């Protein structure tokens, strides 16, 4: 009598390419989150660069404004000095005009004599 030998059932194994092609929903979600995170980090970086440029421009504008305010203050000082000189000169002109008028009056009185 022949002995029957049980054969082992052959188990179908998945090929390695099939194993990696089917990703679990969790893996897909993690991949999506990773790509979104990379995208957001890139946006954050470009926003930081833009903010830095704007800040530098703003600082430059503030410095220019301060310098212009200093120049305006110097011009105002010069204007005040010139106004003071103008008043002094106007007073001198008035005094000289008064003297000339007196001299003219005296001259006319002397010519009458």
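Numbering (the numbering used here), first residue to last: 265 to 377. Ideal placement from N, C-alpha and C gives every residue a C-beta, glycine not left out. Owing to the predicted nature of the structure, the values given are computational and were not obtained by experimental measurement.
Which of the three DSSP states, helix, strand or coil, is assigned to residue i?
i	result
residue 360	helix
residue 287	coil
residue 377	coil
State yes or no: is the beta carbon of residue i nearer than 9 Å to at least one beta carbon in chain D?
i	result
residue 340	Of the chains in the structure shown, none is chain D; there is only one protein chain.
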